[in-house]
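Participant: Numbering follows the UniProt record's numbering, in which position 180 of the first sequence is assigned residue number 180; successive positions increment by one, without gaps. Okay, handing you the structure first.
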Amino acid sequence: MDSPAVLAWYDRHARDLPWRVSPGDRRAGINPDPYRVWLSEVMLQQTTVAAVKSYFLRFTSLWPTVRDLAAAPLDAVLREWAGLGYYARARNLHACAEAVVRDHGGVFPDTAAGLQSLPGIGAYTSAAIAAICFDERVAVLDGNLDRVLARYYALEVPVREAKDELRGALQLAVPERSGDFAQAMMDLGATICAPRAAMCLVCPLHDGCEARAEGDPLRYPVKPVKAERPVRRGHAYVMRDAAGDVYLQTRPAKGLLASMTEVPTSDWAADLPEPHYPAEGNWRWHGQVVHIFTHFRLELDVWSAVVAPEGLDAGWWAAPGTLAGEALPTLFRKVLAEAGLS
DNA sequence: AATCCGGGGGG
DNA sequence: CCCCCAGGATT
């Protein structure tokens, strides 16, 4: 693989991103801040650049260093993460910051192996940080690279079945500027060798690419057979007290939307359960909210009532004006909106 | 090796 | 509607 061509392309076409040090600045001796690179990489796990930008700017404004983030309450981190999804990332992010401060003097390890021992840092993220910050010559393999390499080698099986082979082939191509090479390949996948379009005529890997030679690069990567997405149904109960405050509670620490804020709901089942209202009141049906999770579709009937607060002591009452600052996942923001709040 | 875990943007 | 995104932890 023509790594020099990839780097030359990157020197001219690198995306300008808030967490990135440009190739020109790198040549001038400016090195990336591992804290900012780590934060961005965790946010970018299964998440698009466009969705991450505002969260990254907010986090780095609130917590400019890993020590600041480690000292922050977990609740505050979850509130700021709300809406970004995959909430285990936020808990691992905080745990990782604490570990860096407690076990490493506030300095991130400078090798992929050392980084991967930290919470929320796996094979991809450890390699990305080690390459981008320390130019460790390690293969950085993400979803973009899966697609670029599957096309380059005209891989006839789903990527999952050939991950080790792809990593080995990529490792042989990693140049001295391994950090810029990793970011170059990801930019290539995001802009030139995209999922539904391949601009082969301007691609630095044009000459060696087998899919381009075959003439149908979009045939790759070969997709695995998709599983069906089941439907689950349930009820959501929006309770307000005489002052108009809304009853909220914290979800269990494990499982779906762990430790995030919610309004009470029924169980979620294939067949819509009978509603069991958590308190007496004049319950009114507002409508249905549909939310798509990775592995199922959820349909919630939204109910509301004014109730007496007695017996509702597991959660708390929140004024409507404070809902924006709660750790509410998008699902429950939809529920509250359906009930006429926010 | 499979499964669980969000949400949004684009075709 | 569909797909896919700078994946990791758990089982």
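No residue lacks a Cβ here, since even glycine has one placed at the ideal position from N, Cα and C. Please read all numbers here as calculations on a predicted model, not as lab measurements.
1. Under DSSP, the beta strand (DSSP E) around G287 begins and ends at which residues?
2. Please state whether the Cβ-Cβ distance between R102 and A71 is less than 9 Å.
3. Let me confirm a value: G179 is counted as buried when at least 16 other C-beta atoms fall within 10 Å, else exposed. Which label applies?
4. Using 9 Å as the threshold, is the C-beta distance between P252 and G85 below it?
5. Compare the Cα-Cα distances from S342 to each of G321, L155, A90 and report the closest residue.
6. Please name the residue, chosen from Y55, C203, E156, P32, that lies closest to S3 on a Cα-to-Cα basis.
7. How do the region 136-149 and the region 188-201 stand: do at least 3 beta-carbon pairs fall below 8 Å, yes or no?
8. Return yes when the Cβ of S266 is within less than 9 Å of the Cβ of H295, no when it is not.
9. How about S259 and L93: are their beta carbons less than 9 Å apart?
10. Under a Cβ-count criterion, where at least 16 other Cβ atoms within 10 Å of its own Cβ denotes burial, should L62 be classed as buried or exposed?
11. For R36, which residues of its own chain have a beta-carbon under 7 Å away from its beta-carbon, when the five flanking residues on both sides are left out?
12. If we count the other Cβ atoms within 10 Å of its Cβ and call it buried at 16 or more, is I129 buried or exposed?
13. What number of angstroms, rounded off, separates the C-alpha of E80 from the C-alpha of K334?
14. Rank D271, I121, S304 by C-alpha distance to the C-alpha of A279 and give the top, closest one.
15. For M199, does the three-state DSSP call read helix, strand or coil?
16. From T250 to F332, what does the alpha carbon distance come to, in whole angstroms?
17. At 4 residues or longer, and completely inside the UniProt domain "HhH-GPD" (43-191): list those alpha helix (DSSP H) runs for me, N to C.
18. Give the DSSP-derived three-state secondary structure of L312 in the structure shown.
19. Can we say the region 116-130 touches the region 29-47, given the rule of at least three CB pairs closer than 8 Å?
20. Please classify F293 as buried or exposed, where buried requires at least 16 neighbouring CB atoms within 10 angstroms.
21. Just curious, the beta strand (DSSP E) that S304 is in, first and last residue?
22. With three or more beta-carbon pairs closer than 8 Å as the criterion, would you say the region 266-277 touches the region 217-234?
23. Classify E41 as helix, strand or coil using the three-state DSSP reduction.
24. According to the Cβ coordinates, are L115 and R91 closer than 9 Å?
25. Measure how close the beta-carbons of D135 and M186 come, nearest whole angstrom, since I'm counting them as under 8 Å.
26. Indicate the three-state DSSP secondary structure (helix, strand or coil) for G215 in the structure shown.
27. For H13, does the three-state DSSP call read helix, strand or coil?
28. Starting from the C-beta of F181, find all residues in its chain whose C-beta is less than 7 Å away, skip the five residues before and the five after it, and write them out in chain order.
29. Give the C-beta separation of Y277 and W283 to the nearest angstrom, bearing in mind that I take them to be a contact with Cβ-Cβ under 8 Å.
30. Looking at the structure shown, is Y35 part of a helix, part of a strand, or coil, going by DSSP?
31. So Y247 packs on G315, CB below 8 Å; how close in whole Å?
32. Less than 8 Å between the CB atoms is what I'm expecting for V222 and V157, so what's the real figure, rounded?
33. Using CA coordinates, which residue listed in A319, E274, L188 is at the minimum distance from H13?
Facilitator: Looking at the atomic coordinates:
1. Taking the first sequence and counting its residues from 1, the one referred to as residue 287 is at position 287. Taken as a continuous stretch (DSSP letters only), the beta strand (DSSP E) holding G287 covers 284-292.
2. Start at 1 with the first residue of the first sequence, and residue 102 comes out as number 102. Start at 1 with the first residue of the first sequence, and residue 71 comes out as number 71. Result no, Cβ atoms of R102 and A71 do not sit closer than 9 Å.
3. By one-based count along the first sequence, residue 179 stands at place 179. So G179 counts as buried.
4. Position 252 of the first sequence, counting from 1, holds the residue named residue 252. Position 85 of the first sequence, counting from 1, holds the residue named residue 85. No.
5. On the first sequence, residue 342 is found 342 positions in, with the first residue counted as 1. When only C-alpha atoms are compared, the closest one is G321.
6. Taking the first residue of the first sequence as position 1, residue 3 is located at position 3. Of the listed residues, the one whose Cα sits closest to S3 is C203.
7. yes
8. Position 295 of the first sequence, counting from 1, holds the residue named residue 295. Position 266 of the first sequence, counting from 1, holds the residue named residue 266. Their beta carbons are not under 9 Å apart, which means H295 does not touch S266 by this criterion.
9. Here residue 259 corresponds to residue number 259 of the first sequence, with the count starting at 1. Here residue 93 corresponds to residue number 93 of the first sequence, with the count starting at 1. In this structure, L93 does not lie closer than 9 Å to S259 by Cβ.
10. Translated into the one-based positions of the first sequence, residue 62 becomes position 62. It counts as exposed.
11. Translated into the one-based positions of the first sequence, residue 36 becomes position 36. Counting only Cβ-Cβ distances below 7 Å, and skipping sequence neighbours, we find W19, T60.
12. Position 129 of the first sequence, counting from 1, holds the residue named residue 129. By the 10 Å Cβ count, I129 comes out buried.
13. The residue given as residue 80 occupies position 80 in the first sequence. The residue given as residue 334 occupies position 334 in the first sequence. Cα-Cα distance, rounded: 18 Å.
14. Taking the first residue of the first sequence as position 1, residue 279 is located at position 279. Closest by alpha carbon: S304.
15. What you label residue 199 is simply residue 199 of the first sequence in a count that begins at 1. M199: coil per DSSP, three-state reduction.
16. Here residue 250 corresponds to residue number 250 of the first sequence, with the count starting at 1. Here residue 332 corresponds to residue number 332 of the first sequence, with the count starting at 1. For T250 and F332, the distance between alpha carbons rounds to 12 Å.
17. DSSP runs (the alpha helix (DSSP H)) wholly in the UniProt domain "HhH-GPD" (43-191): 49-62, 66-71, 74-81, 88-104, 112-116, 123-134, 143-152, 163-173, 178-191.
18. Start at 1 with the first residue of the first sequence, and residue 312 comes out as number 312. Three-state result, L312: coil.
19. The region 116-130 is in contact with the region 29-47.
20. Locating residue 293 in the first sequence gives position 293, where the first residue counts as 1. The residue is exposed, with fewer than 16 neighbouring Cβ atoms inside 10 Å.
21. Here residue 304 corresponds to residue number 304 of the first sequence, with the count starting at 1. Per DSSP, S304 belongs to the beta strand (DSSP E) from 297-306.
22. yes
23. Counted from its first residue, the first sequence places residue 41 at position 41. Residue state, collapsed to three classes: helix.
24. In the first sequence, the residue the question calls residue 115 occupies position 115. In the first sequence, the residue the question calls residue 91 occupies position 91. Contact: no.
25. Taking the first sequence and counting its residues from 1, the one referred to as residue 135 is at position 135. Taking the first sequence and counting its residues from 1, the one referred to as residue 186 is at position 186. Not confirmed; about 16 Å, so no contact.
26. As a position in the first sequence, residue 215 is number 215, starting the count at 1. Three-state DSSP puts G215 in coil, outside helix and strand.
27. Position 13 of the first sequence, counted from the start, is the residue given in the question as residue 13. DSSP places H13 in helix when its eight states are reduced to three.
28. Here residue 181 refers to the residue found at position 181 of the first sequence. Within the same chain, F181 has close Cβ partners S3, V6, L7, V174, P175.
29. Within the first sequence, numbered from 1, the residue matching residue 277 stands at position 277. Within the first sequence, numbered from 1, the residue matching residue 283 stands at position 283. Going by Cβ atoms, the distance from Y277 to W283 rounds to 5 Å, so yes, they are a contact pair.
30. What you label residue 35 is simply residue 35 of the first sequence in a count that begins at 1. If DSSP states are grouped into helix, strand and coil, Y35 belongs with the helices.
31. Taking the first sequence and counting its residues from 1, the one referred to as residue 247 is at position 247. Taking the first sequence and counting its residues from 1, the one referred to as residue 315 is at position 315. The C-beta separation of Y247 from G315 comes to about 6 Å, placing the pair in contact by the 8 Å criterion.
32. The sequence position of residue 222 within the first sequence is 222, counting from 1. The sequence position of residue 157 within the first sequence is 157, counting from 1. Sure, about 6 Å apart at Cβ, within 8 Å.
33. Locating residue 13 in the first sequence gives position 13, counting from the first residue. The shortest C-alpha separation from H13 is found at L188.
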